[in-house]
Amino acid sequence: MLVSERRELLLSRLRADGKLVARDLAVELGISEDSVRRDLRDLAGAGLCQRVYGGAVPVSRALADYQTRTGVEPESKRLVAAHAVGLIRDGHRVILDGGTTTLAVARALPIDLHATVITHSPTIAAALVPHPTVEILLLGGRIYKHSAVACGAFTVEAAAGVTADLFLLGVTGVHVEHGLTTGDPEEAAMKRALSARAAETYVLASNEKLGAASAYKVLELANVAGVITESGVLDPGALPA
0 MLVSERRELL
10 LSRLRADGKL
20 VARDLAVELG
30 ISEDSVRRDL
40 RDLAGAGLCQ
50 RVYGGAVPVS
60 RALADYQTRT
70 GVEPESKRLV
80 AAHAVGLIRD
90 GHRVILDGGT
100 TTLAVARALP
110 IDLHATVITH
120 SPTIAAALVP
130 HPTVEILLLG
140 GRIYKHSAVA
150 CGAFTVEAAA
160 GVTADLFLLG
170 VTGVHVEHGL
180 TTGDPEEAAM
190 KRALSARAAE
200 TYVLASNEKL
210 GAASAYKVLE
220 LANVAGVITE
230 SGVLDPGALP
240 A
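Each residue of the sequence shown is one higher than the one before, starting from 0 at the first, in numbering that gives the first Met the number 0.
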């Protein structure tokens, strides 16, 4: 089998099974694990998979630039947002992460909601301006244009001064084995800092994130209270493998 044919087979298997295990593939194809790992390294370099310990999983479509992500799974994000809004009550202090799914949440909030929203996303803050009884607390810092959020030491320090009932977390990958991931180490650290300031964290999981993984771990699934999908709020242990 030619190298190009073998790599096409790997991609086909990844689409069908949702993961690749290097050891099993080496046995099946009659080649060395090093050859399989080299294939996976090259496929990952081309943005076609995400390497993980022992193999690879699908790369997240949520890693695209902010403008592109607005057009990815808009109906799934709308449904996720509708379920997320049901968790927010009058009087709550809520931390909203940045991202296009969280923006859908901000836009879905009832116009008469009485709550405080804490965010490090200027986009989220701007979307909440028309809500007359939502107090907005914007955490400042250097803006990461890829995701339109403030990030870094300055923002983490500001986050340390707030507390909240609820944190709605945005990630680029939600995977049973590899947890909650994102594509930037500074953003991963920022998300952990925000989660630490809330009594409960729920992750927003529109379709393009489920079963996918990115390079940097945010949290284990066991560290969140629930996973909000388009079908509803799921216990983290109920996600299909």
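Every residue, glycine too, gets a C-beta built ideally from N, C-alpha and C.
Note that this is a predicted model, so its numbers are computed, not measured.
Exercise. Taking the DSSP output, what are the residues bridged to C150?
Worked result: R141
Exercise. Is the number of C-beta pairs between the stretch 199-219 and the stretch 43-61 that are closer than 8 Å three or more?
Worked result: yes
Exercise. What do you reckon, are the CB atoms on A126 and A105 nearer than 8 Å?
Worked result: yes
Exercise. If you follow the alpha helix (DSSP H) that R12 is part of, which residue opens it and which one closes it?
Worked result: V2 to D16
Problem set entry | Proximity of T118 and L137 at Cβ, strictly below 8 Å | yes
Exercise. Quick one: what does DSSP say T99 is sitting in, helix, strand or coil?
Worked result: helix
Exercise. Exposed or buried, what is D38 when buried is set at 16 or more other beta-carbons lying within 10 Å of its beta-carbon?
Worked result: buried
Exercise. Distance, Cα to Cα, S194 vs D96?
Worked result: 10 Å
For this session: Scan the stretch 161-203 and note each continuous beta strand (DSSP E) run of 3 residues or more that stays entirely inside, going in chain order.
Result: 163-169, 172-174, 178-181 and 197-203
Exercise. Where do the N-terminal and C-terminal ends of the alpha helix (DSSP H) with R36 fall, by residue?
Worked result: E32 to G44
Exercise. Among the residues of its own chain, which have a CB less than 6 Å from the CB of D164, if the five just before and after it don't count?
Worked result: H91, R92 and A198
For this session: Check whether the stretch 78-86 touches the stretch 147-154, counting contact only when three or more Cβ pairs, one atom from each stretch, lie closer than 8 Å.
Result: no
Exercise. Does DSSP put E219 in a helix, in a strand, or in coil?
Worked result: coil
For this session: Would you mind reading off the limits of the alpha helix (DSSP H) that contains T294?
Result: Because the chain here runs from 0 to 240, residue 294 falls outside it and cannot be looked at.
For this session: Compute the Euclidean distance between the alpha carbons of I110 and L78, then round it to the nearest angstrom.
Result: 18 Å
For this session: With a cut-off of 8 Å on the beta carbons, I'd call T55 and A43 a contact; round off their distance for me.
Result: It is worth fixing the name first, because residue 55 is Ala in this sequence and not Thr. Correct: roughly 7 Å between the Cβ atoms.
For this session: Output the distance between the C-alpha atoms of L1 and H145, rounded to the nearest integer angstrom.
Result: 38 Å
Problem set entry | Run of the alpha helix (DSSP H) containing L28, from where it starts to where it stops | A21 to L28
Problem set entry | Alpha-carbon spacing of D142 relative to I123, whole angstroms | As written in the sequence, residue 142 is Ile, which differs from the Asp given in the question. Between I142 and I123, the C-alpha separation is close to 13 Å.
Problem set entry | Proximity of L238 and V223 at Cβ, strictly below 8 Å | no
Problem set entry | One or two residues paired with I135 in a DSSP bridge | V116
Problem set entry | Delimiting residues of the alpha helix (DSSP H) encompassing A55 | Not the alpha helix (DSSP H): A55 falls in the beta strand (DSSP E), residues G54 to V56.
Problem set entry | Beta-carbon spacing of V170, V217 below 8 Å | yes
Exercise. Does DSSP put A211 in a helix, in a strand, or in coil?
Worked result: coil
Exercise. Rounded C-beta distance between L186 and N206? I'm assuming under 8 Å.
Worked result: At residue 186 the sequence reads Glu, which differs from the Leu that was named. Not confirmed; about 21 Å, so no contact.
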